[in-house]
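Inspection log for the structure reproduced underneath, given as structure tokens.
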Amino acid sequence: MQKLLLLGDEAIAQGGIDAGMSGIYAYPGTPSTEITEYVMHSKEDKSLNIIASWGANEKTAMETALGMSYAGKRTMVCMKHVGLNVAADAFVNSAITGANGGLIVVAADDPSMHSSQNEQDSRFFGKFALIPILEPGNQQEAYDMVHYGFELSEKFRIPVLMRITTRLAHSRSGVERREIRKQNALKLPENLKQFILLPANARRQYKNLLNNQPAFVDSSEKSPFNILIDHPDKKMGIIACGLAYNYLIENFEDHHVPHPVLRIGQYPVPEQMINNLYESCDTILVLEDGAPMIEELLRGILNKGKTIKGRLDGTVPRDGELNPNIVALALGLADTRGRDIPSLVTSRPPSLCKGCPHIYSYNALNEALSEFYKGRVFSDIGCYTLGALEPFDAINSCVDMGASITMAKGAADAGLLPSVAVIGDSTFTHSGMTGLLDAVNANSTITVMILDNGTTGMTGGQDSAAVGKIEGICEALGVHKDHIRILNPLQKYHEENLAIMKEEIAYKGVSVIIPRRECIQTLTRRMREEKKKQATDKAEA
Amino acid sequence: MKKDIILAGVGGQGILSIAAIIGTAALKAGLHLKQAEVHGMSQRGGDVQSNLRISDRDIASDLIPFGKADMIISVEPMESLRYLPMLSPDGWLVTNTKPYINIRNYPEMDKLLAEIELQPRHISLDADEIARNLGSPKSANMVILGAASPFLSIDYLELQEAIRNIFRKKGDDVVQVNLDALQAGRDVSEKQMN
Chain A
126 MQKLLLLGDE AIAQGGIDAG MSGIYAYPGT PSTEITEYVM HSKEDKSLNI IASWGANEKT
186 AMETALGMSY AGKRTMVCMK HVGLNVAADA FVNSAITGAN GGLIVVAADD PSMHSSQNEQ
246 DSRFFGKFAL IPILEPGNQQ EAYDMVHYGF ELSEKFRIPV LMRITTRLAH SRSGVERREI
306 RKQNALKLPE NLKQFILLPA NARRQYKNLL NNQPAFVDSS EKSPFNILID HPDKKMGIIA
366 CGLAYNYLIE NFEDHHVPHP VLRIGQYPVP EQMINNLYES CDTILVLEDG APMIEELLRG
426 ILNKGKTIKG RLDGTVPRDG ELNPNIVALA LGLADTRGRD IPSLVTSRPP SLCKGCPHIY
486 SYNALNEALS EFYKGRVFSD IGCYTLGALE PFDAINSCVD MGASITMAKG AADAGLLPSV
546 AVIGDSTFTH SGMTGLLDAV NANSTITVMI LDNGTTGMTG GQDSAAVGKI EGICEALGVH
606 KDHIRILNPL QKYHEENLAI MKEEIAYKGV SVIIPRRECI QTLTRRMREE KKKQATDKAE
666 A
Chain B
-18 MKKDIILAGV GGQGILSIAA IIGTAALKAG LHLKQAEVHG MSQRGGDVQS NLRISDRDIA
42 SDLIPFGKAD MIISVEPMES LRYLPMLSPD GWLVTNTKPY INIRNYPEMD KLLAEIELQP
102 RHISLDADEI ARNLGSPKSA NMVILGAASP FLSIDYLELQ EAIRNIFRKK GDDVVQVNLD
162 ALQAGRDVSE KQMN
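Read top to bottom, the protein sequences are chains A and B.
Under my numbering, the first residue of the first sequence is numbered 126, with each subsequent residue one higher.
Under my numbering, the first residue of the second sequence is numbered -18, with each subsequent residue one higher.
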């Protein structure tokens, strides 16, 4: 077959389609979003009847995938690294239930925090849950590993974690496809108690998981993705995980590394392979994108063995994404950095789009709060987090999905009045609703501003689960309907809007303000599509 | 043959359409390709870049090593300078001189242009003006690509063919104006080199 030019994300999606996946579930999050989007927009999605859908959050997506696996079909669930925190309850327990149909959990990590609030390394989550992990080193491997991962998952009846990073997710290269495999038939687990984690069952299942660990290690030892490449210069041996291998070989003429190299793409770590490398070399350099996981394992707490170089001894920076230069310096090669950036070049942070409804909402909120001292606005994850920057300087927190409402409640409990939460519509249905219920039950004095632009904006305008439901949800959670106020965030309604904001900020109880106007990006896209459709209709007529 | 190219600009300026045309032409020529893009938060008016690597041999890293880029192609003057650490000592800087000002402390234009003039191998042109004069302000990207074309080691005819392929759906007029923009950029480049 002809090679396709695919992003790492798209290669995973195409791999799923071709490997007989029946469903893919996700909540949008950079850099994972394009996996599910690719399936949604692919022709095969329809002809093969693959279900591709956004869940309200990563936990619901993970559980839905587990249900599909229970029914015997191959399924994938995708999220960004911090999404795995949200899905953690289901994820960790899915290791105890095990899988029936193949189940791959894709976590897209973001070292260097290009679009995230931390750079946690999802391999720790896989290790914590005691399941196999796959870490592709290029787009072709990302595609191949989906086929391999489903087989591994069905062989051991265990979910498999696929860990990627931003660089692979958003880099394009040629990928060779395989024939499309037929989807699994509906088939219940042989043991209908497998998924019942009552303590008596769970203990048995957990023992089973523990007993399987040597088999997982054995699979890693034999994996086509773990390769020990022997070379004569044994003064140093190198362990390179995932993309780090590419950065390593980039530094040598003809990609020929003089030292022995252990390339790792499957975990648990292949103990015997690591031992062979360790025994044959004087020192070991560990190159891994993310946290020093293998490096810590090798050093142990006493670090009394051979010298282990990596992120912990400063050979490689402790934080941030790897690149060819960092690896060159770690190898003692020359720094090839070119000319300095001239001092007149200034930073250009992202900003809210021209015509974005959030611009009005923040300006109005700043004005409504101007009589109070600053420092009382708790915000959340989305485009509106840019309210932290000039010219708005309007918010004081951004922690995790939904934390605006609950942090505002905690601050109000402590006596900070007024206390305001700012959250987007999609973030509200992701993780804000439960916090609002807490606030209602405690009759907290907080004002929650739900910025409703009708979409999941920051990740590129995916459908929001909240559309048409926000007032109903707030009222059902117990917010008094007189204190659920909908605004049109436009300057021409400013006086009316400002009065409403001031009234609700002064109210002693839970109030909700909903500035509602469509995202300028999705609006532009919709208009363009409508125009195109009109043109085609006209041409056909 | 290998060409490592940094494409630079501001989120929303469409540097990926330049990448798409070079990429299409490179694949047609049977070359290997890797292209790292920026998605997510920075696309909202922030600085964005793409690492485009083309080679007749296997490409290892998705990222170009510092000091090894053969050229920087930028649709915005200040952004062209942000990636100088990536540029090889004998690499080319090809940049638009029309600024995109969405920050308060944008540098003074004369100082910025002087800094570009200091670069040993550079081509600078007001691609927006050239595109406007051709009656197609949206084709500034193709003007810049045209200005970069003498350094790409890709047959000019292949670039034209890629433009035809990519813009075909939009009609013959759109194809032609983009071909004209490509040629106009190339003309400026050839004049500046002589």
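No residue lacks a Cβ here, since even glycine has one placed at the ideal position from N, Cα and C.
Given the structure is predicted, the values throughout are model-derived calculations rather than measurements.
Assuming A/Y403 is part of the alpha helix (DSSP H), what are its boundary residues?
Looking up residue 403 of chain A in the first sequence gives position 278. First-last of the alpha helix (DSSP H) with A/Y403: E396 to S405.
Are the C-beta atoms of B/N77 and some chain A residue less than 8 Å apart?
Within the second sequence, the letter at position 96 stands for residue 77 of chain B. No, because no Cβ of chain A sits closer than 8 Å to the Cβ of B/N77.
Closer than 8 Å, CB to CB, is A/D438 near chain B or not?
Reading the first sequence from its first residue, position 313 is the one you call residue 438 of chain A. So, not an interface residue.
Is it true that the CB of B/L160 sits closer than 8 Å to the CB of A/P449?
Walking along the first sequence from the start, residue 449 of chain A turns up at place 324. Walking along the second sequence from the start, residue 160 of chain B turns up at place 179. Contact flag unset, no.
At the level of alpha carbons, what is the spacing between A/P395 and A/D355?
Numbered from its first residue, the first sequence carries residue 395 of chain A at position 270. Numbered from its first residue, the first sequence carries residue 355 of chain A at position 230. Across the structure, A/P395 and A/D355 are spaced so that their CA atoms are roughly 16 Å apart.
With DSSP as the reference, identify every bridge partner of A/A220, one or two as the case may be.
Indexing the first sequence from 1 puts residue 220 of chain A at position 95. None, per the DSSP bridge assignment.
Determine the DSSP secondary structure at A/S157, reduced to helix, strand or coil.
In the first sequence, counting from the first residue as 1, residue 157 of chain A sits at position 32. Residue state, collapsed to three classes: coil.
If you draw a straight line from the C-alpha of A/S219 to the C-alpha of B/L133, how long is it?
Along the first sequence, one-based indexing puts residue 219 of chain A at 94. Along the second sequence, one-based indexing puts residue 133 of chain B at 152. Going from the Cα of A/S219 to the Cα of B/L133 covers about 51 Å.
Please tell me whether A/N578 has its Cβ less than 8 Å away from any Cβ of chain B.
Locating residue 578 of chain A in the first sequence gives position 453, where the first residue counts as 1. No, no contact with chain B.
For chain B, find out if any of its Cβ atoms is closer than 8 Å to the Cβ of A/Y372; answer yes or no.
Here the question's residue 372 of chain A lines up with position 247 in the first sequence. Look at A/Y372: its C-beta is under 8 Å from a C-beta on chain B.
Tell me, please, whether the region 493 to 500 of chain A touches the region 508 to 517 of chain A by the rule of three or more beta-carbon pairs shorter than 8 Å.
Here the region 493 to 500 of chain A makes no contact with the region 508 to 517 of chain A; the two share fewer than three CB pairs at distances below 8 Å.
For chain D, find out if any of its Cβ atoms is closer than 8 Å to the Cβ of A/T471; answer yes or no.
In summary, chain D is missing from the structure at hand, where the protein chains are A and B.
Listed in chain order, which residues of the region 5 to 24 of chain B have Cβ atoms closer than 8 Å to some Cβ of chain A?
Of all residues in the region 5 to 24 of chain B, L8, H13, L14, K15, Q16, A17, E18, V19, H20, G21, M22, S23 and Q24 have a Cβ within less than 8 Å of some Cβ in chain A.
Secondary structure of A/D460, DSSP reduced to three states
Position 335 of the first sequence, counting from 1, holds the residue named residue 460 of chain A. Here A/D460 sits in coil by DSSP.
Assuming contact is defined by CB atoms lying nearer than 8 Å, are A/F216 and A/M193 in contact in what I supplied?
In the first sequence, counting from the first residue as 1, residue 216 of chain A sits at position 91. In the first sequence, counting from the first residue as 1, residue 193 of chain A sits at position 68. No, the Cβ-Cβ distance between A/F216 and A/M193 is not below 8 Å.
Going by the CB atoms, is the gap between A/L469 and B/L93 shorter than 8 Å?
The residue labelled residue 93 of chain B in the question sits at position 112 within the second sequence. The residue labelled residue 469 of chain A in the question sits at position 344 within the first sequence. Cβ atoms of B/L93 and A/L469: closer than 8 Å.
A/N450 versus chain B: which residues are under 7 Å apart at the beta carbon?
Here residue 450 of chain A refers to the residue found at position 325 of the first sequence. Contacts between A/N450 and chain B, judged by CB atoms closer than 7 Å, involve P46 and F47 in chain order.
CA-CA distance, A/I520 and A/Y487?
Numbered from its first residue, the first sequence carries residue 520 of chain A at position 395. Numbered from its first residue, the first sequence carries residue 487 of chain A at position 362. Roughly 9 Å separates the two Cα atoms.
How about the region 405 to 416 of chain A and the region 362 to 382 of chain A: do they share at least three Cβ pairs that are nearer than 8 Å?
With the rule of 3 Cβ pairs closer than 8 Å, the region 405 to 416 of chain A counts as touching the region 362 to 382 of chain A.
Tell me where the alpha helix (DSSP H) around A/Y370 begins and ends.
Here residue 370 of chain A refers to the residue found at position 245 of the first sequence. Here the alpha helix (DSSP H) through A/Y370 covers A369 to E375.
Between which two residues does the beta strand (DSSP E) holding A/T408 run?
Mapped onto the first sequence, residue 408 of chain A falls at position 283. That run of the beta strand (DSSP E) goes T408 to L412.
Distance between A/K198 and B/I135 (C-alpha atoms, nearest Å)
The residue given as residue 135 of chain B occupies position 154 in the second sequence. The residue given as residue 198 of chain A occupies position 73 in the first sequence. Taking the straight line joining both Cα atoms gives about 47 Å.
Is the beta carbon of A/P236 closer than 8 Å to that of A/G445?
Residue 445 of chain A sits at position 320 when you count from the first residue of the first sequence. Residue 236 of chain A sits at position 111 when you count from the first residue of the first sequence. Yes.
With DSSP collapsed to three states, give me the class of A/R388.
Here residue 388 of chain A refers to the residue found at position 263 of the first sequence. Note: A/R388 maps to strand in three-state DSSP.
Tell me, please, whether the CB atom of B/S69 is closer than 8 Å to any CB atom in chain A?
For this step, residue 69 of chain B is matched to residue 88 along the second sequence. Yes - at least one Cβ of chain A is within 8 Å of the one on B/S69.
For a contact defined as C-beta to C-beta under 7 Å, what are the partners of B/S42 on chain A?
Locating residue 42 of chain B in the second sequence gives position 61, counting from the first residue. Going along chain A in sequence order, the residues near B/S42 (Cβ under 7 Å) are N371, Y372, E375 and P449.
What residues of chain A sit near B/N159, judged by a beta carbon separation below 8 Å?
As a position in the second sequence, residue 159 of chain B is number 178, starting the count at 1. Within 8 Å Cβ-Cβ: nothing; B/N159 doesn't reach chain A, min ~19 Å.
Closest to A/I256 by CA distance: which of A/V285, A/A664, A/G140 and A/M238 is it?
The residue you call residue 256 of chain A lines up with position 131 of the first sequence. Ranked by Cα distance from A/I256, the first of A/V285, A/A664, A/G140 and A/M238 is A/V285.
Counting only Cβ pairs nearer than 7 Å, list the residues of chain A close to B/R63.
Along the second sequence, one-based indexing puts residue 63 of chain B at 82. By Cβ distance, chain A contributes I466 and V470.
Going by DSSP, which residues form a beta bridge with A/S296?
Working through the first sequence from its first residue, we reach residue 296 of chain A at position 171. Bridge partners of A/S296: B/A17.
Grab me the residues of B/I104's own chain with a C-beta within less than 6 Å of its C-beta, minus the 5 sequence neighbours each way, in chain order.
Along the second sequence, one-based indexing puts residue 104 of chain B at 123. Hits under 6 Å: V75, A128, S170 and Q173.
Applying the criterion that 16 or more other CB atoms from any shown protein chain within 10 Å of the CB defines a buried residue, is A/K534 buried or exposed?
For the purposes of this step, residue 534 of chain A is taken as residue 409 along the first sequence, with counting starting at 1. Buried.
For the pair the region 313 to 332 of chain A and the region 32 to 52 of chain B, tell me if three or more CB-CB distances fall below 8 Å.
Contact between the region 313 to 332 of chain A and the region 32 to 52 of chain B is absent, with fewer than three C-beta pairs closer than 8 Å.
Count the other CB atoms within 10 Å of the CB of A/Q587; is the residue buried (16 or more) or exposed (fewer)?
Translated into positions along the first sequence, residue 587 of chain A becomes position 462. Answer is buried; the Cβ neighbour count reaches 16.
Quick one: grab the DSSP three-state call for B/A129.
On the second sequence, position 148 is the one that residue 129 of chain B refers to. Looking at B/A129 - three-state DSSP - the assignment turns out to be helix.
Environment of B/G72 [buried if 16+ CB atoms lie within 10 Å]
As a position in the second sequence, residue 72 of chain B is number 91, starting the count at 1. With 16 or more other Cβ atoms within 10 Å, it is buried.
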